[in-house]
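Inspection log for the structure reproduced underneath, given as structure tokens.
There are 2 protein chains.
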Amino acid sequence: MSTNPDLLRGSLEPIVLEVIAGGATYGYEIAKAIGQASQGKLLAQEGTLYPALHRLERKGWLAADWDVSPEGRKRKHYRLTPLGKKQRAALRAEWTEFSRMVNGVLGMERNGWHTHGFAWA
Amino acid sequence: MSTNPDLLRGSLEPIVLEVIAGGATYGYEIAKAIGQASQGKLLAQEGTLYPALHRLERKGWLAADWDVSPEGRKRKHYRLTPLGKKQRAALRAEWTEFSRMVNGVLGMERNGWHTHGFAWA
DNA sequence: CTATTATGCCTTGTGAAGCTAGGTATGCTG
DNA sequence: CAGCATACCTAGCTTCACAAGGCATAATAG
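Protein chains in written order, with the numbering used here: chain A, 1 to 121; chain B, 1 to 121.
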């Protein structure tokens with residue numbers, strides 16, 4: 001069942017932007033890409049992805065065109081807008097800083113790893 | 001104003017457990033500890049921390065006793081229960097895996113860092 | 001021919017939880 | 001006395017992942 005759903009909040013959008021930047025263009029493909037890249041640990045639910053795509057489109061970070069697959073199925077292809085590209089970089093940076101902070105507090109970088117005696121004590 | 005609030009969802013609880021394991025015992029001190037350990041980037045709001053502490057207490061991960069500071073102010077001292085200690089380890093592991101996943105998707109570990117040509121393409 | 005699976009899009013309702021913006025009370029300091 | 005730090009708390013808002021569906025077509029299996 002993947003991980004704690006709450007962890008995904010705040011990281012889904014950078015993930016989606018990144019996957020689209022990486023070449024995935026339509027919802028179904030984006031979902032698969034995320035699933036594969038994370039062994040199904042991040043986002044399996046389409047009910048999460050589609051609203052997120054709409055949200056990003058509404059914010060002007062993504063633009064979309066309808067197209068038809070070779071088999072004749074309708075697909076909505078997304079692409080990063082210029083603003084979306086900026087945001088992709090910004091969210092990457094934000095995630096990097098955030099995860100470093102958390103790792104710092106969780107002591108992931110203290111090589112000895114001791115339970116007591118924090119610097120802020 | 002710190003980072004995207006949504007990022008904190010899912011990571012606040014491991015952070016709190018960790019800080020308590022590190023020696024902080026009561027709310028005000030825990031808040032300061034988190035603030036200091038993260039240069040104010042993680043959690044400044046007491047309105048976030050106190051409900052979280054109550055939640056963790058309700059889940060049986062924390063236990064609390066009221067005490068009085070040397071100056072005479074009431075303090076509620078928290079400590080990890082045995083279950084809380086287990087959860088601390090579990091949440092640490094969960095965070096580690098999750099952040100690795102996200103870093104993988106965001107391409108933090110690909111040294112070259114290229115915008116196209118993902119493995120899942 | 002029919003049933004199932006895969007593809008591909010979508011929505012509604014619910015719950016959880018961080019944030020804002022307060023409130024209360026005491027002690028120390030200017 | 002005024003102001004700040006200490007120390008606890010709550011109510012209401014908002015956002016968003018999730019569960020659980022729905023709809024439609026194509027390919028495959030029986």
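Backbone N, C-alpha and C fix where the C-beta goes; we use that ideal spot for every residue, glycine too.
Anything in chain B within Cβ reach of residue i, meaning under 7 Å, just list it in chain order.
{"i": "residue 6(A)", "result": "9 and 10"}
My guess is that residue i and residue j are in contact by the Cβ rule of under 8 Å, so how many angstroms apart are they, rounded?
{"i": "residue 62(B)", "j": "residue 47(B)", "result": "That pair is no contact at about 18 Å."}
{"i": "residue 38(A)", "j": "residue 101(B)", "result": "5 Å"}
{"i": "residue 106(A)", "j": "residue 18(B)", "result": "5 Å"}
{"i": "residue 16(B)", "j": "residue 52(B)", "result": "6 Å"}
{"i": "residue 20(A)", "j": "residue 80(A)", "result": "6 Å"}
{"i": "residue 27(B)", "j": "residue 49(B)", "result": "6 Å"}
{"i": "residue 66(B)", "j": "residue 74(B)", "result": "6 Å"}
Starting from residue i, trace the beta strand (DSSP E) in both directions and tell me its first and last residue.
{"i": "residue 63(B)", "result": "62–68"}
{"i": "residue 76(A)", "result": "74–80"}
Which residues in chain B have a C-beta closer than 8 Å to the C-beta of residue i? List them in chain order.
{"i": "residue 46(A)", "result": "Those do not exist, as residue 46(A) stays about 17 Å from chain B at its closest Cβ, beyond 8 Å."}
{"i": "residue 34(A)", "result": "105"}
{"i": "residue 18(A)", "result": "105, 106 and 107"}
Residue i touches chain B at which residues, Cβ-Cβ below 9 Å?
{"i": "residue 97(A)", "result": "3 and 41"}
List, in chain order, every chain A residue whose beta-carbon is nearer than 8 Å to that of residue i.
{"i": "residue 15(B)", "result": "102, 105 and 106"}
Got a sec: does the ligand HEM put a non-hydrogen atom nearer than 7 Å to the Cβ of residue i?
{"i": "residue 6(B)", "result": "The ligand HEM is not among the ligands present in this structure, which contains no ligands whatsoever."}
Starting from residue i, trace the alpha helix (DSSP H) in both directions and tell me its first and last residue.
{"i": "residue 9(A)", "result": "Element bounds for residue 9(A): n/a, residue is neither H nor E."}
{"i": "residue 35(B)", "result": "27–37"}
{"i": "residue 56(A)", "result": "46–58"}
Residues from the region 59–87 of chain A in contact with chain B, defined by Cβ distance under 8 Å: none
Three-pair Cβ contact test at 8 Å for the region 5–17 of chain A versus the region 1–13 of chain B: Result yes; three or more Cβ-Cβ pairs closer than 8 Å.
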